[in-house]
Amino acid sequence: MELFQGIKVDWLGKRKMFFAISVALLVVGMISLAMKGHFRYGLDFKGGTLVRVKFQDAVDIGAVRKLLPQANIQTTKATTGTESNVPEYQIELEQDTKKGQAVDASAGREEVTRALNMAFAGKFTIISSNGVSPKVGDDLRKQAVSATIYALVGILIYIAFRFEWIYGAAAVFAVFHDTLVTLGLFSLFNYEINLTVIAALLTLVGYSVNDTIVVFDRVRENLKTRRREDFETVLNDSINQTLSRTILTSGLTFITVIALFLFGGEIINNFAFAMVIGIIVGTYSSVAVAAPLVLVYSNIMRPKMAASRR
Amino acid sequence: MNKRIRTRSIVILAITVLSIVLFAGLPPSLAGLKKNIRLGLDLKGGIQLVLQVRVEEALRTTTDQTVQALQAQLQKDNISVRQITRTGNDKLEARGVDPTRDADFRNLISGTYPEWDITSSQGEVPNTYTLQMKNKAAAEYRVAAVDQALRTIENRINSMGVTEPVIQKRGGANEYEILVQFPGIDDPEKVKGIIGKPALLELKLVQGTGSFPTREAALQQFGGVLPSNLEILESSKADSSGAKSYYVVNKVAGVSGRDLKTAGVSRDENGRPAVSFDLNAAGAEKFGRLTEENIHKLLAIVLDGQVVSAPSINSRISDRGQITGGGAGFSQDEAHDLVLVLKSGALPAGMDYAEESVVGASLGADSIRHGILAAVIALTSVIVFVLIYYRASGINATVAMILNLVVLFGAMAYFGSTLTLPGIAGVILTIGVGIDSNVLIFERIREELRAGKTAVSSVATSFSRVFVTLVDTHLAALISATFLFLFGTSAIKGFAVTLVIGLVSNMFTAVFVSRTLFEMVLARKGRTDTISI
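For the record, the sequence lines run as chains A and B.
Take 3 as the starting number for the first sequence in our numbering and just add one per residue.
Take 84 as the starting number for the second sequence in our numbering and just add one per residue.
This is the structure in structure tokens:
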């Protein structure tokens, strides 16, 4: 069975359209971020306490809210057991840092337990609780940003070492574009960003550079024998030749992360969402961002490149 | 079967069997699996705490001790000094040193207290010296405080009898953090009560004949201003009317927890649980002198800054004493826990909880269920696809894929890495990346076949050409996985480790195993036959 034989699409000819699509995606993300003011940070970055509570019988959420007026209480999908008719609640307490005291990451759970005991003693269980002091949240946020930057630089150095530096720059720019689009979509769909999401983004940095490497690999191979041809044609042909494997590999990995997204449960859902978006955008960007960048650079540098192209 | 294929098959078989034994035991069983694969807290349930040691407090304590020691030393050497006080966490001032003994004073400091830099200043009091702890010494004390806190916590956790706890330092050079994990326990209050308790025991002389009902009443004894060598402490328990009492005590403790040799549960004169303690030689001497010189006075037994009880000194005691629960008495549990923390030693400084995570066992089990479901669905979908798309060669890919997972789990069991929920996601990602490698190779084989090459040469060329690409893509993924590992928390480290091991084992299965399988099939065919791909 063959799906992609003999494809001849002028990818680079369409580069203006791709540019428009990318800009549109980025703008949508930026607008969403601007409107909401900031990302929806998970506990890891925000600090505070998150308590998951399961009540024995269904309760009036208003009664719960009265006990904890300053908390953010939401119903969540049942994550434990099969009796999904009794919903679970997620109680989130922000840490008030304005008071300036040293913040205790465990105070939140005690507070919730005490409050709930006033009306529901013995009728609830705490499934899980998570407390992070805001200082730790700040530190983790900074660390996440630096880790991402280091990873991008590492990839840049690696690819520049294996190919010419422009390929490295183009690949890194494509990955950077992927990261921004993913973050923008996170904001748009109101998904929470926590440490595992950053882990997903970092994984994507390493993974989505794969398609780009596959294409550039083929370009390098073709340039050995087709030096005198128009660079744009060589690029197009390289993409067409590798299209089969690009779509297949991305498609197969996509199947696996979709399985994770649909069946992996709520806790890992943000991570799965990041992976799903990242793989789609990552494949798109190898063709629509990385290759055009190399072409544009080559067109600008054409006189120099014609003289020294090897 | 020719020799080359036979050798390779044996290698593959050996590695497979070894991996299975590593993660499932010999003979392979579900119980073996549970034993060999360590589960993270998010899958097993348990408590994780990150404690931040208040190292500046430890510095302050060291400076306080230096003040005391210096005072005693100057007295012994007959160098008069007006006052020695701590002026900062790592600074102290000696005011009004006898000017005729300047040289002796300086020699004493540089000889006996080499960690301190000495500068003289002329404030309102002439001949005042400021002693500042050297940066290097201060840094060492901070690290030592964390080390001591770690050991103390370790002692306490070991006496609690928790299975497989994790206790380790965490964070970079200037983060004084300790990570503690308790698998299988879900009562954080009890755990924190034992770990976090400073357990600083001090015996201080009480000024006056009894306690006061309020702080203000106590202050009134001194006309509203407390002399600098005294302090007012609260009682730890309230009496029957619910009110706490206040004692005026000497700031400097006559005897402290450092002089403790051991402690044990006993009974007080009313038969209620109490804690008896034995002092070591130095402590016994101090205690003996203290009690001898202060008969009929009250001695406050202070635990963590609160007065537990204040019995009167009836005679000289030297080596042992008893802590009773005051009016209300101790419960058996309280006495037991107190003995536990006293025996482990006092914490060198207070600690703040930077992070706390409690996962119930039922949530852990659910996470495992979800993870396995997603993994099985991912694996099945992928296998179905390659079988349809690559026909018989799909079997090749499937075998390589499954072997990849087997080796992955074997390696994880061997390295003792912990499987977390993100780790399961890492396994699923490995399935995706693994099959990618096979696709790259198979597509190349199809290309070569289309160009008219023979099956044998197509396979050979494809594997060699694609190997370079595989190395590139795997290295790129390894680079980002390394940064993930370096910066992530324990759950994320679990993900990074599974990913890295999965990538490495994938190089083995996608190249070595897959190629051997092809060669086995080709060995049976003629020169011009083709393969099902």
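Beta carbons are placed, not taken as given, at the ideal position from N, Cα and C, and that holds for glycine.
Neighbourhood of residue i by C-beta, 8 Å cutoff - its chain only, sequence neighbours within 5 removed
i         : result
Pro111(B) : Ile103, Val104
Glu375(B) : Arg399
Ile120(B) : Phe106, Phe492, Met495, Ala496, Leu502
Ala186(B) : none
Val114(A) : Thr51, Val53, Val55, Leu70, Ala73, Ile93, Leu95, Ile128, Ser131
Thr144(B) : Pro431, Ala432
Ile195(A) : Phe41, Arg42, Tyr43, Gly44, Phe47, Leu185, Phe188, Asn272
Ile93(B)  : none
Phe256(A) : Val278, Ile281, Ile282
Ile616(B) : Tyr473, Arg474, Ala475, Ser476, Phe525, Ile528, Arg529, Leu532
Exposed unless 16 or more other CB atoms sit within 10 angstroms - verdict on residue i
i         : result
Ile161(A) : buried
Asp269(B) : buried
Trp13(A)  : buried
Trp199(B) : buried
Gly170(A) : buried
Leu600(B) : buried
Val465(B) : buried
Phe566(B) : buried
Ala104(A) : Residue placement at Ala104(A) cannot be trusted, given a pLDDT of 46 that sits under 50; what the coordinates show is reported in the next sentence. Burial call: exposed.
Gly102(A) : With a pLDDT of 41 at Gly102(A), under the threshold of 50, the modelled position of that residue is not reliable, and no figure is offered here.
Thr463(B) : exposed
Asp62(A)  : exposed
Met484(B) : buried
Pro209(B) : exposed
Leu113(B) : exposed
Arg533(B) : exposed
Thr246(B) : exposed
Ile378(B) : exposed
Neighbourhood of residue i by C-beta, 6 Å cutoff - its chain only, sequence neighbours within 5 removed
i         : result
Ile9(A)   : Asn242, Leu245
Thr513(B) : Gly585
Thr170(B) : Glu176
Arg527(B) : Ser545, Val549
Pro182(B) : Asn210
Asn333(B) : Lys287, Leu288
Gln58(A)  : Lys125
Lys100(A) : The predicted model places Lys100(A) with a pLDDT of 45, which falls under 50 and marks its position as unreliable; any figure quoted below should be read in that light. Closer than 6 Å at the Cβ level, and outside the excluded window around Lys100(A), lies no residue.
Val150(B) : Ile167, Arg169, Leu175
Ser427(B) : Thr235, Asn238, Arg239
Glu285(B) : Ala336, Ser339, Val385
Own chain, CB closer than 7 Å to residue i, minus 5 neighbours either side, in chain order
i         : result
Leu101(B) : Gly493
Ala301(B) : Phe295, Ile315, Tyr329, Val331
Lys369(B) : Gly337, Val338, Asp342
Asp125(B) : Val442, Gly447, Ser450, Thr503, Leu504, Ala574
Val136(B) : Ala228, Val229, Ala232, Tyr259, Ile261, Ala432, Met434
Asp351(B) : Ala357, Gln405, Thr407
Phe591(B) : Val490
*asked:* In chain order, what are the residue ranges of uninterrupted alpha helix (DSSP H) at least 4 long that sit wholly in the stretch 129-164 of chain A?
replied: 136-164
_Which runs of the alpha helix (DSSP H) at least 4 residues long sit entirely within the stretch 415-449 of chain B? Give them in chain order._
415-427
*Any beta strand (DSSP E) of 3 or more consecutive residues that is wholly inside the stretch 320-399 of chain B*: 329-333, 343-350, 356-362, 382-386, 389-392
_Below 8 Å, how does it come out for the stretch 345-358 of chain B and the stretch 309-316 of chain B: are there three or more Cβ pairs, yes or no?_
no
*Residues of the stretch 244-261 of chain A with a CB closer than 9 Å to any CB of chain B: list them in chain order, please.*
Thr244, Ser246, Arg247, Leu250, Thr251, Ser252, Gly253, Leu254, Thr255, Phe256, Ile257, Thr258, Val259, Ile260, Ala261
*Would you say the stretch 573-593 of chain B touches the stretch 547-560 of chain B, given that touching needs at least three Cβ pairs under 8 Å?*
yes
*Are three or more beta carbon pairs between the stretch 280-298 of chain A and the stretch 207-226 of chain A nearer than 8 Å?*
yes
_beta strand (DSSP E) runs wholly inside the stretch 108-157 of chain B, at least 3 long, in chain order_ = 129-136
*Residues in the stretch 527-539 of chain B with C-beta within 9 Å of chain A's C-beta atoms, listed in sequence order?*
Arg527, Arg529, Glu530, Arg533
*What residues from the stretch 197-216 of chain A come within 7 Å of chain B, judged by C-beta to C-beta, listed N to C?*
Leu197, Thr198, Ala201, Leu204, Thr205, Val207, Gly208, Tyr209, Val211, Asn212, Ile215, Val216
*Fully enclosed by the stretch 497-585 of chain B, which alpha helix (DSSP H) runs are 4 residues long or longer?*
504-533, 538-570
*Relative to chain A, which residues along the stretch 427-460 of chain B have a C-beta separation below 7 Å, given in chain order?*
Asp435, Tyr436, Ala437, Glu438, Glu439, Ser440, Val441, Val442, Gly443, Ser445, Leu446, Asp449, Ser450, His453, Gly454, Leu456, Ala457, Ile460
*If you measure beta-carbon to beta-carbon, which residues of the stretch 258-280 of chain B are closer than 7 Å to chain A?*
Pro271, Lys275
*What runs of the beta strand (DSSP E), each 3 residues or longer, lie entirely inside the stretch 277-303 of chain B?*
284-288
*asked:* Short of 7 Å Cβ to Cβ, which residues in the stretch 557-568 of chain B face chain A?
replied: Leu558, Ala559, Ala560, Ile562, Ser563, Ala564, Phe566, Leu567
_Whole alpha helix (DSSP H) elements within the stretch 23-64 of chain A, 4-residue minimum_ = 45-48
*Could you say if the stretch 412-423 of chain B and the stretch 211-219 of chain B meet the contact criterion of at least three C-beta pairs nearer than 8 Å?*
no
*Please name the residues in the stretch 270-304 of chain A whose beta-carbon is closer than 8 Å to at least one beta-carbon of chain B, in chain order.*
Ile270, Phe273, Ala274, Met277
_Members of the stretch 134-153 of chain A near chain B, C-beta cut-off 9 Å_ = Val134, Ser135, Lys137, Val138, Asp141, Leu142, Gln145, Ala146, Ser148, Ala149, Thr150, Tyr152, Ala153
*Along the chain, which unbroken stretches of the beta strand (DSSP E) at least 3 residues long are found entirely within the stretch 229-273 of chain B?*
249-253, 260-266
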